[in-house]
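Step one of this worksheet: look at the structure below.
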């Protein structure tokens, strides 16, 4: 039984006020709020288990190691990953992408193509541009159609025997549109290209099954799924992770070190140089427990209900344009009202206690495609309510009246 | 021309008549409508002030040893903010603009816009106006 008021009680921040008004948090695509259970896990770790992991023989170090590795196992189960060693803990989603792109010269040869989409976040464009420069590869772009969907005909035409890598996001952060990643992955594999799917906006909002999806690499951010900042996940197929060279050198990622030669540790440690974000990993485990308790199917269904309600309510505002107004999308609504600047609207609704994102959402090519300076983005999570959406609509109406 | 300080005090007085943020913002939006608008020939990418989520263009002319600013923005609130600065500082000698303090922004209840991390870039606007003053001052010397 999904009870939103009961869920809201788990999120202490939802009790605070902004500018004298109860906070309405609609910037979930930027980061999700944290339930008390996750906050407690961080405090509990530092109060009772703080020790460096994987090396100490003392009891505390072993307890901390057990908790950290238990979290890795929770991630494995949550995303249906075959083995725990295919769960690499990174500093975040961007870090996960860079960990692959920085070593991907072993997969991409000079003159080959890397295909990205026109709706990528800058963090899934720039690392691949850097790789292209390094190895002399070419960046090809899947265009986006007027309604925010990828031009799949164009994608199939771009694919060739010369394609080395295809990198797309599962859900666009700027538009919220869910991309047909199953089809993208299958087609890429037919020409022996590798795939990396950026899951920053899908993780925590839908059930993800790595084995069914068959992506070669998949990246996630803990803080987008009720976990803390500073910890991300890189999933990869075992043989590819074995081939991929390590991103950073240091402690914990080595097998043997001498001044003549160093051999690397096995997975996942090869990619986890230095002391990891131990508290972050453990708290991510607590976040997964929390999401499991509610149930990802309930979360996805409720968020879709909010999306439909929000879309209909926003369309009541005169002059509203929604970018990415398709049925297959996450609970993200990116819009403008007439010719008003998103910054103006965002500033006024913030004064009324509603947190939305304005601007280009780190996806300037998307804004260029639609020839707009930016949008207002309202992104919902399972702890939001329809009443809050009503207040957003009222706030926008007030802003329009002020600015007209 | 009145001294910068007098104009700034005048603006503070005007804003003190309002008791809530909404009226202050409405007044600021109104002030934006009286901003001397930059000529199209100067409304180029190199005149855009960096650090703002909206676009702000500023141009400065020197006439009789005094600086006259013209500006524009594609956002209404930002246009109001730059209009306040232009009203306070336009028509003044470069050295006076260089010396001008910006406490009045705080006093009119726009303190939140002064943080350097704010997306509207008020701090960048102040810096750019003062840069024009520094450049013209060095011409006069």
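Chains as they are written, first to last, in the numbering used here: chain R, 8 to 411; chain B, 39 to 179.
Built from N, CA and C at the ideal position, the CB exists for glycine as well.
Around the Cβ of residue 278(R), a 10 Å sphere holds 16 or more other Cβ atoms; the residue is buried. Proximity to residue 137(B) across 116(B), 167(B), 73(B) peaks at 167(B), based on C-alpha coordinates. Residue environment: residue 231(R) is assigned as buried (16 or more neighbouring CB atoms within 10 Å of its CB, all protein chains considered). For residue 144(B), there are no C-beta contacts with chain R under 7 Å, since the nearest C-beta of that chain is about 17 Å from it. In terms of beta-carbon proximity, residue 116(B) lines the interface with chain R, with at least one pair separated by less than 8 Å. No Cβ-Cβ contact shorter than 8 Å links residue 337(R) with residue 129(R). Boundaries of the beta strand (DSSP E) harbouring residue 227(R): 224–228, taken from the DSSP string. The residue among 38(R), 21(R), 308(R) with its C-alpha nearest the C-alpha of residue 30(R) is 21(R).
Counting only the Cα atoms, residue 222(R) lies some 36 Å from residue 13(R). By the beta-carbon neighbour count (other beta carbons within 10 angstroms, threshold 16), residue 206(R) is buried. When the alpha-carbon of residue 250(R) is set against those of 149(R), 313(R), 273(R), the nearest one is in 273(R). Around residue 409(R), the beta-carbon contacts reaching into chain B at under 8 Å are 60, 63, 64, 67. Cβ contact annotation for residue 170(B) (same chain, cutoff 6 Å, sequence separation greater than five): 98, in chain order. With fewer than 16 other Cβ atoms from the protein chains shown falling within 10 Å of its own Cβ, residue 393(R) counts as exposed. Contact with chain B is absent for residue 234(R), since none of that chain's Cβ atoms lies less than 8 Å from the residue's Cβ. Using a CB distance below 8 Å, the part of the stretch 354–369 of chain R facing chain B consists of 354, 355, 358, 365, 366, ordered along the chain. Nearest to residue 235(R) by alpha-carbon distance, out of 225(R), 294(R), 18(R), 68(R), is 294(R). Residue 308(R) and residue 54(R) have their C-alpha atoms some 37 Å from each other.
Counting only unbroken stretches of 3 or more residues, the beta strand (DSSP E) elements lying wholly within the stretch 132–200 of chain R are 145–149, 170–176, in sequence order.
In this structure, residue 66(B) keeps its C-beta atom at 8 Å or more from the C-beta atom of residue 143(B). Legend: CB atoms of the stretch 90–113 of chain B lying less than 9 Å from CB atoms of chain R belong to residues 90, 91, 92, 93, 111, 112, 113. Annotated as proximal: residue 175(R) and residue 186(R), with beta-carbon spacing under 8 Å. In this structure, DSSP gives residue 385(R) an extended state, which the three-state scheme calls strand. The beta-carbon separation of residue 340(R) and residue 403(R), rounded to 11 Å, does not stay under the 8 Å limit for a contact.
If you look at residue 172(B), you'll find it in the alpha helix (DSSP H) that goes 160–178. Contact with chain B is found for residue 380(R), since one of that chain's Cβ atoms lies less than 8 Å from the residue's Cβ.
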